[in-house]
Amino acid sequence: MSKRLHLSSDFSWVCCGFSNFLRRRRVFKLTHTPEEFFVNEQMCLVTYEILVRFRKKVLSRGDILDEVENIFGLIAEMSIKAISAARLGTVLFDELLNVIVDLMDGFDSPLTWKRSNQKLRDSLENALPARHPKILLPSMDSFREHSLIGQGGFGTVYKTTFGGMPLALKLIERHTCEPFKGLFHEKAAIRLLRHPRIVVTHASFRCSRGYVLLMEPVNGIDLYRLIHSFRNLSHTVTKFLTAQLVSAVLYMHSTGFLHRDIKPSNVIITSGCALKLCDFDTCKISIGKYPSVRPSRNFNRRSSAEFHDAMFNGTVTYTAPEVLNQLPWSVGLTNYHMYCGSSPFRFSRSVSRKRMSYVLRTYNIIYPAWCAATADFLNFSKVLLRKNPQLRLGSKSYRDLVGHKYFSGIPWSAVESSSAVLRDDQIEGMLGVGEGLITKTLLKKKKRKHFIELVDMQNCPHQYPLLTFVSEEFGKLLLARSSAEQ
1 MSKRLHLSSD FSWVCCGFSN FLRRRRVFKL THTPEEFFVN EQMCLVTYEI
51 LVRFRKKVLS RGDILDEVEN IFGLIAEMSI KAISAARLGT VLFDELLNVI
101 VDLMDGFDSP LTWKRSNQKL RDSLENALPA RHPKILLPSM DSFREHSLIG
151 QGGFGTVYKT TFGGMPLALK LIERHTCEPF KGLFHEKAAI RLLRHPRIVV
201 THASFRCSRG YVLLMEPVNG IDLYRLIHSF RNLSHTVTKF LTAQLVSAVL
251 YMHSTGFLHR DIKPSNVIIT SGCALKLCDF DTCKISIGKY PSVRPSRNFN
301 RRSSAEFHDA MFNGTVTYTA PEVLNQLPWS VGLTNYHMYC GSSPFRFSRS
351 VSRKRMSYVL RTYNIIYPAW CAATADFLNF SKVLLRKNPQ LRLGSKSYRD
401 LVGHKYFSGI PWSAVESSSA VLRDDQIEGM LGVGEGLITK TLLKKKKRKH
451 FIELVDMQNC PHQYPLLTFV SEEFGKLLLA RSSAEQ
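Quick note on numbering: the UniProt record's numbering labels position 328 of the sequence shown as 328, and the sequence is numbered without any gaps.
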């Protein structure tokens, strides 16, 4: 076990160093790319973590080694994915090392880190273009052929195509999301997250009256509608879907994101009971787990109590007792909802925080007798929904979560690679008519609620780098189409 640092008044200036670093760097710039913003946030979160433990006098050299080597793993990873973000990371890394170097007096680590960082920085200098390359974007005229899929509080979604590529186009009115930090967290998430169980976003850019997201089309039905079409789901289907949800959310957390609005209506089910997690409007950047020579003790320690920011985000019913919608809690509620047919409790949007806190801290979850819950399900559900977040399954290590006997027989490698399939005749039948059911419902909404028309949108000549990106696949399509038109 790493010994704690013996601090004296001589080290009081270190707090000032950390605070000054955060004051300078914890600001957003619209000229940053989503990757640069993400690296900057990660560096600030690591610095803040070290500062908090330093002030509490519980900081050890092992903590510093964990944090620094983990963040350098991110920079090295970005040197392959996004050169400009990696270069920014090396600059910030140098600044952080200058603050903590005296705390590691007598250790060779700071010198080794500086040499490694300088070597990476030198290699990036030649590869980095002087300015961000101009991103080729589609014209709004390209999406004239479309049909309405749905609408919600954050925008309107259309089904369309571009160059023969089927897409779902989400149109968000500008006044509903003028640049704010939460929007930047979402842009970083949809740019960086690539997992078989997460909906892929191919492009993001501004148009005349709002913002456009181009996503992969998912031919399925949301989990909420599916549950309430059958009263509840079978044990086998519930376990299979829960495993996929766990895989998606663990990937998000290790990459450096918290979803914060996991619920059945944000989960789409397709043929073969394949699951897709969507809607990252309320997600938040957290400290991820990156390639490192050391196992990260700090990542596991944070998993039970990360970011107690006392903020309401997403759906009130799925908010954990400690206010933050944490991984084990929200997955546990969704698992309960699938098997028992409803949430164990409900709150209206107008519920007071005091009332909600009281109910969540004093509740006793009841499992309906008619659902014939198995012993494994009951144990799994109860340890996920414990009031104390530090006692929940997965709070110490995610191995405890995926290794629970409830998941016996689950082929995790197949789940994570999207090759796992579960055929259920009732669900397949529901998916066969799902599009018609959804369209009928949306047409009713269309009559009574205003939504922005795609045909009214024009191109926007000015784009903010922080809100603009295209995926590699879509970028190749744009380039091919541009070359063909010339």
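From the three backbone atoms N, C-alpha and C, an ideal C-beta is built for every residue, glycine too. Keep in mind that this is a model prediction, so the values were computed, not measured.
Around the C-beta of Cys15, fewer than 16 other C-beta atoms lie within 10 Å, and the residue is accordingly described as exposed.
A distance below 9 Å separates the beta carbons of Leu454 and His146. A straight line joining the alpha-carbon of Tyr367 with that of His337 spans about 11 Å.
For Leu213, the pairing in a beta bridge is given by DSSP as Lys170 and Ser204. DSSP, read as helix, strand or coil, puts Thr31 in coil. Apart from the 5 residues on each side of it in sequence, Leu22 sits with its Cβ closer than 7 Å to the Cβ of Cys44, Thr47 and Tyr48 in its chain, given in chain order. Remark: C-beta atoms of Arg260 and Thr242 do not approach each other more closely than 9 Å.
The C-beta distance from Val246 to Val331 rounds to 6 Å, short enough to meet the 8 Å contact threshold. The criterion of a C-beta distance shorter than 9 Å is not satisfied by Val199 and Val212. Contact annotation: Ala274 and Val101 have beta-carbon atoms that are not nearer than 9 Å. Between His202 and Thr374 the beta-carbon gap is near 41 Å, outside 8 Å, which marks them as no contact.
Of the residues assessed, Gln426 falls on the exposed side of the cut-off, its CB having fewer than 16 other CB atoms within 10 angstroms.
In its chain, beyond the 5 residues on either side, Phe18, Leu59, Asp63, Ile64, Glu67 and Ile100 have a beta carbon closer than 8 Å to the beta carbon of Ile50. Looking at Val267, Arg209, Ser204 and Thr255, the one whose alpha-carbon comes closest to that of Leu226 is Val267.
In this structure, Trp13 is the residue among Met252, Ile365 and Trp13 with its C-alpha nearest to the C-alpha of Arg55.
Taken through DSSP and simplified to helix, strand or coil, Leu193 comes out as coil. Annotation: the region 341–429 contains no complete segment of the beta strand (DSSP E) (minimum length 3 residues).
Of the candidates Gly341, Asn40 and Val249, the residue whose Cα lies closest to the Cα of Tyr398 is Val249. Ile221 is not a Cβ neighbour of Gly256, given a cutoff of 9 Å.
Take the alpha-carbon of Asp141 and the one of Pro291: they are about 43 Å apart. Restricting attention to Gln118, Leu391, Leu192 and Tyr251, the CA atom closest to the CA of Val415 is found in Tyr251. Shortest Cα-Cα distance from Cys371 to any of Thr270, Arg115, Leu258 and Asn335 involves Asn335.
Per DSSP, Ile287 lies in no alpha helix (DSSP H) segment and is marked neither H nor E. In the structure shown, Asp222 falls within a strand segment according to DSSP collapsed to helix, strand and coil.
For Leu120, the enclosing alpha helix (DSSP H) has its first and last residue at Ser109 to Ala127.
For Phe162, the enclosing beta strand (DSSP E) stretches over residues Gly155 to Phe162. Residue environment for Leu169: buried (at least 16 other C-beta atoms within 10 angstroms of its C-beta).
The beta carbon of Tyr406 sits closer than 6 Å to those of Asp376 and Phe380, all from its chain and outside the five residues before and after it, given in chain order. Between the alpha carbons of Ser343 and Val359 lies a distance of about 14 Å. A Cβ-Cβ distance of about 18 Å is found for the pair Gly155 and Leu137, leaving them out of contact under the 8 Å criterion.
Distance between Glu473 and Leu74, taken at the CA atoms: about 23 Å. In terms of CA proximity to Leu183, Gly210 leads the group Gly429, Gly210 and Ser417.
Nearest C-alpha to Leu92 among Asn40, Ile452 and Glu35: Asn40. Contact annotation, Ser204 with Thr468: C-beta distance approximately 6 Å; criterion of less than 8 Å satisfied. The alpha-carbon separation between Phe28 and Ala189 amounts to approximately 16 Å.
For Lys276, no alpha helix (DSSP H) segment is defined; the enclosing uninterrupted segment is the beta strand (DSSP E) at Ala274 to Leu277.
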